[in-house]
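Here is the structure:
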């Protein structure tokens with residue numbers, strides 16, 4: 457199996473990124489990722505102000521997918537996410553949703569044993585996920601630092617981006633140019649204090665192409681749902697984008713009037729907050745598969 461090491465990273469998704477490796481549709485390969493601090497945090501006594509902030513949120517890649525062309529969908533199946541035995545969580549003043557209440561910075565190194573994070577006497581089951589994953593943006597969308605989510609993906613910080621799930625990205629540039637990093641052993645919806653359980657990981661992926669199909673925002677398929685993962689300058693904007701796209705997909709898939717699809721969305725589509733703390737806010741509109749199967753939704757694009 458091809459292994460793509462974590463020493464080649466990007467800090468910005470651009471239209472003209474230079475690939476560090478290439479894969480074929482149908483390939484299964486492993487990507488090594490760094491934590492969001494690039495392993496700079498070694499002790500709870502460190503001062504977060506002393507970190508090299510130019511090295512935060514590295515994403516391994518980009519990876520060129522042979523045959524990927526603008527106007528295609530890149531299908532990325534997450535086979536496994538293997539994490540180290542300890543991770544980092546931190547709090548800083550003015551960081552996160554309640555940053556105005558934070559009086560001091562703290563770092564906590566949290567051990568993982570038997571698939572549980574151990575913190576303050578509490579054993580929390582881990583659920584490893586990928587924080588940053590995306591492709592090259594369209595030229596008209598500009599450049600995006602790896603700490604920011606947008607139509608290309610990026611720092612979506614969505615806890616359902618985990619083993620067993622499948623992502624669908626719009627291909628904007630030849631080769632798609634996939635990159636990923638910022639894995640978490642554990643993170644709740646919202647990521648309210650600005651970190652999850654930040655941790656290096658080895659991610660096993662399988663990629664494929666769906667020709668001549670495209671989406672505005674990434675799609676995320678789980679066992680039960682097809683989710684529209686959208687981001688905006690605020691929560692209202694992100695919710696509007698996710699919901700509008702979900703209603704359109706229901707309308708097209710079921711060949712019904714828009715207003716009928718709108719009713720169905722109100723009856724069955726859940727809105728979930730992915731994260732509230734990045735430069736843009738991310739939400740997901742979860743369309744249940746009993747309403748529209750993922751394959752049918754994609755066929756209708």
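Residue numbers (our numbering): 457 to 757.
A virtual CB, placed ideally from N, CA and C, is assigned to each residue, including glycine.
Stretch-stretch touch, CB-based, cutoff 8 angstroms, three pairs: the region 637 to 648 with the region 728 to 738: Verdict: yes, contact present.
Output the boundary residues of the beta strand (DSSP E) element that contains residue 758. Given a span of 457 to 757 for the chain in the structure shown, any question on residue 758 remains unanswerable.
Close beta carbons around residue 691, own chain, < 6 angstroms, minus the five adjacent residues each side: On the chain shown, position 235 is the one that residue 691 refers to. So the qualifying residues of the chain are 737.
Among 650, 483, 596, nearest to residue 552 - alpha-carbon criterion: Counted from its first residue, the chain shown places residue 552 at position 96. Minimum Cα-Cα distance from residue 552 among the listed residues 650, 483, 596 corresponds to 650.
Considering only their Cβ atoms, is the gap separating residue 611 from residue 631 smaller than 8 angstroms? Within the chain shown, the letter at position 175 stands for residue 631. Within the chain shown, the letter at position 155 stands for residue 611. No, the Cβ-Cβ distance between residue 631 and residue 611 is not below 8 angstroms.
Is the beta carbon of residue 589 sitting closer than 8 angstroms to the one on residue 620? Walking along the chain shown from the start, residue 589 turns up at place 133. Walking along the chain shown from the start, residue 620 turns up at place 164. In this structure, residue 620 does not lie closer than 8 angstroms to residue 589 by Cβ.
Distance check for residue 538 and residue 584, CA to CA, integer angstroms please. Stepping through the chain shown from its first residue, residue 584 is reached at position 128. Stepping through the chain shown from its first residue, residue 538 is reached at position 82. The alpha-carbon atoms of residue 584 and residue 538 are separated by roughly 8 angstroms.
Would residue 582 and residue 641 qualify as a contact pair, given that the criterion is a beta-carbon distance under 8 angstroms? In the chain shown, residue 582 corresponds to position 126, counting from 1. In the chain shown, residue 641 corresponds to position 185, counting from 1. Yes.
I need the straight-line Cα distance from residue 724 to residue 567, nearest angstrom please. Locating residue 724 in the chain shown gives position 268, counting from the first residue. Locating residue 567 in the chain shown gives position 111, counting from the first residue. About 39 angstroms.
May I ask you to list the residues that DSSP assigns as paired with residue 634? Counting from 1 along the chain shown, the entry for residue 634 is found at position 178. In the DSSP secondary-structure assignment, residue 634 is bridged to 519.
Based on DSSP bridge pairs, tell me the residues matched to residue 529. Taking the first residue of the chain shown as 1, we reach residue 529 at position 73. DSSP lists 626, 666 as the beta-bridge partner residues of residue 529.
Using alpha carbons as the reference points, say which of 741, 712, 661, 664 lies closest to residue 695. On the chain shown, position 239 is the one that residue 695 refers to. Out of 741, 712, 661, 664, 741 has the C-alpha closest to the C-alpha of residue 695.
Neighbourhood of residue 489 by C-beta, 7 angstroms cutoff - its chain only, sequence neighbours within 5 removed: For the purposes of this step, residue 489 is identified with residue 33 of the chain shown, where counting begins at 1. Cβ within range, chain order: 462, 516, 636, 637, 639, 656, 657, 659.
Would you be able to state if there are at least three C-beta pairs under 8 angstroms between the region 706 to 722 and the region 679 to 693? Contact between the region 679 to 693 and the region 706 to 722 is absent, because fewer than three Cβ pairs lie under 8 angstroms.
I need the DSSP call for residue 705, collapsed to helix, strand or coil. If you number the chain shown from 1, residue 705 lands on position 249. Secondary structure at residue 705: helix, using DSSP grouped into helix, strand and coil.
In chain order, what residues of the same chain have a beta carbon less than 6 angstroms from the beta carbon of residue 528, not counting five sequence neighbours either side? Translated into the one-based positions of the chain shown, residue 528 becomes position 72. Non-local beta-carbon contacts of residue 528 in its own chain, meaning distances under 6 angstroms to residues more than five positions away in sequence, involve 627, 665, 667 in chain order.
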